[in-house]
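Asks:
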Amino acid sequence: MSIAPSILAADFARLGAEVAEVAPVVPSIHVDVMDGHYVPNITLGHPVVASLRRATDRQLDCHLMITDPAVYGPQLVDLGADSITFHPEVEDDPLALVHRLHEQGAQVGVAIKPAHPVSMVTELLPHVDLLLVMTVEPGFGGQSFLAHAVPKVAEAATWRREHDARFRIQVDGGIAAGTIDAPAAAGAEVFVAGSSVFGATDRAAACQDLLARARAAAGTEAT
585 MSIAPSILAA DFARLGAEVA EVAPVVPSIH VDVMDGHYVP NITLGHPVVA SLRRATDRQL
645 DCHLMITDPA VYGPQLVDLG ADSITFHPEV EDDPLALVHR LHEQGAQVGV AIKPAHPVSM
705 VTELLPHVDL LLVMTVEPGF GGQSFLAHAV PKVAEAATWR REHDARFRIQ VDGGIAAGTI
765 DAPAAAGAEV FVAGSSVFGA TDRAAACQDL LARARAAAGT EAT
């Protein structure tokens, strides 16, 4: 299990310092890339990913909320992104993009919005490294956790077990001390947390507390 701090909630004027505060206690940094088309917001892009690559050795986990992931995903990998997650409904051939990103050496994930069923991506799940279950509507940070998305985490975990698949389950949206238990108990392993980390006085301690809560809810101490 791990926490992936989302820099969407960080102070962009001191982004390097913010990342440095959490880097000792997390394996990855979550980077939300939005284009103002797939979602009604514009956030981070190529210069930020390149700068982060120079600033940290943590994995850069990029979530592409954009209409052209086949164009920009490979470019971000070239700039240092370690993992690319995209929304497959925007691609005519999402599996081709999965293979292309794998050939570049990146890990690849697919994401489903709160309204989308797990069945929408089951053909891709044997080929990806990660399934991102959104627990808010994509587009903005600081939203409230949508509990009705949790059963999809359990469904994905069951599908993974029944099909001997190896993808990790990530949840993103409204993850905080009061909400992390349910997705952890349902089978999620990676928890994207923005405001609950970067809004805390001690960011590293906030990550450690969230991880401890997730492990307790899942009934494990160290996975």
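Counting in my numbering, the sequence shown runs from 585 upward without gaps.
C-beta: ideal position from N, C-alpha, C; glycine also.
Please read these numbers as outputs of a predicted model, since none were measured by experiment.
1) Hey, quick one: how far does the beta strand (DSSP E) through D616 stretch, first residue to last?
2) For the ligand HEM, is there a heavy atom less than 7 Å away from the beta-carbon of D713?
3) How long is the line joining the alpha carbons of E673 and E721, rounded to whole angstroms?
4) Given D666, which residues of its chain have a CB within under 6 Å of its CB, disregarding the five upstream and five downstream residues?
5) For S586, which residues does DSSP report across the bridge?
6) Confirm, please, whether the CB-CB distance from G771 to I753 is below 8 Å.
7) In the DSSP assignment, find the unbroken alpha helix (DSSP H) run with Q792 in it and report its ends.
8) For R752, list the residues DSSP reports as bridge partners.
9) State buried or exposed for R787, treating a residue as buried only when at least 16 other CB atoms are found within 10 Å of its CB.
10) Considering only the beta carbon of each residue, do V617 and P589 sit closer than 8 Å?
11) Is it right to say D641 is buried, meaning 16 or more other beta carbons lie within 10 angstroms of its own, or is it exposed?
12) Using the rule of at least 16 other Cβ atoms within 10 Å of the residue's Cβ for burial, across every protein chain shown, is T804 buried or exposed?
13) Could you pull the start and end residues of the alpha helix (DSSP H) that D662 belongs to?
14) Tell me the residue span of the alpha helix (DSSP H) that contains T742.
15) Going along the chain, which unbroken runs of the beta strand (DSSP E) with 3 or more residues stay wholly within the stretch 678 to 714?
16) Alpha carbon to alpha carbon, how far is V705 from D756?
17) With a threshold of 16 other CB atoms inside 10 Å of the CB of F729, please say whether the residue is buried or exposed.
18) Measure the C-alpha to C-alpha separation of H732 and A699 and round it to an integer number of angstroms.
Replies: By the coordinates alone:
1) If you look at D616, you'll find it in the beta strand (DSSP E) that goes 612 to 618.
2) With respect to the ligand HEM, the structure shown offers nothing to examine, as it has no ligands at all.
3) Whole-angstrom Cα-Cα distance: 15 Å.
4) For D666, where only same-chain residues beyond five positions count, the Cβ hits under 6 Å are Q643, L644.
5) The secondary-structure analysis by DSSP pairs S586 across a beta bridge with V774.
6) Taking C-beta atoms as the reference points, I753 and G771 count as a pair closer than 8 Å.
7) In the DSSP assignment, Q792 falls within the unbroken alpha helix (DSSP H) covering 787 to 802.
8) According to DSSP, R752 shares a beta bridge with L714.
9) Around the CB of R787, 16 or more other CB atoms lie within 10 Å, so the residue is classed as buried.
10) No, they are not a contact pair.
11) By the 10 Å Cβ count, D641 comes out exposed.
12) Exposed, by the Cβ-count rule.
13) Run containing D662: 653 to 663, per the alpha helix (DSSP H) assignment.
14) It spans 734 to 746 - the alpha helix (DSSP H) in which T742 sits, taken as one unbroken run.
15) Under the rule that a run must span 3 or more residues, the beta strand (DSSP E) segments found entirely inside the stretch 678 to 714 read 691 to 696.
16) Distance between the alpha carbons of V705 and D756: 17 Å.
17) By the 10 Å Cβ count, F729 comes out buried.
18) If you take the alpha carbons of H732 and A699, they lie about 10 Å apart.
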